[in-house]
Amino acid sequence: MIRKKTKIFFVCGTDTGVGKTFVTGALIASLNKMGIRAGGFKPLESGCRKHQRHLRRADSLFLKKMGKMPEPLDLINPYYFEEALAPGVAAERKKTKISFELITKKLEELKKKYNCLFVEGAGGLLVPLSGKKTNLDLIKKLKTPVILVARLGLGTLNHTLLTLDHLKRNHVSVIGVILNQTTPSKTVAEKTNPAVLKKRGAPILGIVPYQGKPENIRPISKQLVLGRL
Ligand SMILES: Nc1ncnc2c1ncn2[C@@H]1O[C@H](COP(=O)(O)OP(=O)(O)O)[C@@H](O)[C@H]1O
Ligand SMILES: [Mg+2]
């Protein structure tokens, strides 16, 4: 049954390649396994490779697959670009206008069918999306709390604390940080990241371990999924 008020979360990364899609997919799959109808929304995807004369929207397709979402891909992903650039830059080069109104409308449409929706942002918080507008402006427009995904490793302390600080200054509600292990190796930085971040007040939701290929994705722990969401 679809609950009256759909919970919507914005999954923001500390950077590109930190595992937003992977973690979002895992969250969606885990919630569905628990009987909560969850889906994904990727308003802007760039870096779509040409595949048989079409552009392959890998992230959007992955979210659709993980949520077993029957909706057309254009509803799950209204804007996509071939160039691996910030969506705002890719759009300018293609002379495409990105409308936050249209994005909001598509999300409203998706909302009717889900208990829980995860909006995957593009890259980090201040990535340009449209003119001077960034992911932060989209978060404010959609009025969604943020789940921050950070990659375990060297450099993550600065990226994570800067992003949290900027969200706080802009009065955006933060559900917490998911630390994601994107490689099999475990360096000292990776081992020490969680405790150091906690000590500095970062609300750590949990750690997603390295899981090999996305096809082998394991459900995220019940505690992490149901605890704070
Ligand atoms: N926990 C993980 N275990 C294994 N591979 C991962 C994990 N997290 C991310 N990856 C891999 O790292 C790469 C970047 O992750 P992705 O989710 O695409 O990042 P983003 O969406 O932030 O750009 C992908 O190839 C993905 O499959
Ligand atoms: Mg992604």
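Take the sequence shown: its position 37, counting from 1, is numbered 36 in numbering that gives the first Met the number 0, and each next residue is one higher. Cβ coordinates follow ideal geometry from the N, Cα and C atoms, glycine included.
Neighbourhood of residue i by C-beta, 8 Å cutoff - its chain only, sequence neighbours within 5 removed
| i | result |
| --- | --- |
| Ile229 | In the structure as shown, the chain begins at 0 and stops at 228. Residue 229 is therefore absent and cannot be evaluated. |
| Tyr79 | Leu43, Glu44, Ser45, Cys47, Leu54, Arg56 and Ser59 |
Selection from the options that minimises the alpha carbon distance to residue i
| i | options | result |
| --- | --- | --- |
| Lys41 | Lys198, Thr5, Leu109 and Lys93 | Leu109 |
| Val229 | Leu62, Asn169, Glu82 and Lys105 | The structure shown does not extend to residue 229, since the chain is modelled only from 0 to 228, so the question has no answer here. |
| Thr5 | Ser59, Leu72, Glu91 and Leu106 | Leu106 |
| Ile7 | Cys47, Thr103 and Leu43 | Thr103 |
| Val10 | Tyr209, Arg168, Thr95 and Leu124 | Leu124 |
| Leu26 | Thr155, Thr186, Asn179 and Asn192 | Asn179 |
| Lys131 | Glu119, Asn157 and Ala90 | Ala90 |
| Asn76 | Leu84, Val88 and Arg55 | Arg55 |
| Lys112 | Leu101, Glu81, Leu74 and Val148 | Leu74 |
| Lys139 | Gly87, Asp164 and Asn169 | Asn169 |
| Lys198 | Leu166, Thr162, Leu156 and Val207 | Leu156 |
| Thr181 | Ile206, His158, Leu160 and Lys167 | Ile206 |
| Lys96 | Ile177, Leu72, Ile203 and Pro127 | Pro127 |
| Pro208 | Ala194, Ser98 and Ile177 | Ile177 |
Reduced DSSP category for residue i - H, G, I as helix; E, B as strand; rest coil
| i | result |
| --- | --- |
| Ser29 | helix |
| Ser172 | coil |
| Glu189 | helix |
| Leu124 | coil |
| Phe80 | coil |
| Glu70 | coil |
| Lys142 | coil |
| Ala85 | coil |
| Leu156 | helix |
Cβ neighbours of residue i in the same chain (closer than 6 Å, five flanking residues each side left out)
| i | result |
| --- | --- |
| Gly152 | Ala188 and Glu189 |
| Val118 | Phe9 and Phe40 |
| Leu84 | Ser45 |
For residue i: DSSP bridge partner residues
| i | result |
| --- | --- |
| Arg48 | Arg55 |
| Ser129 | Lys132 |
Own chain, CB closer than 7 Å to residue i, minus 5 neighbours either side, in chain order
| i | result |
| --- | --- |
| Met0 | Since pLDDT at Met0 reaches only 45, below the 50 mark, its modelled position is unreliable, and the value read off the structure follows with that caveat. Closer than 7 Å at Cβ, skipping near neighbours: no residue. |
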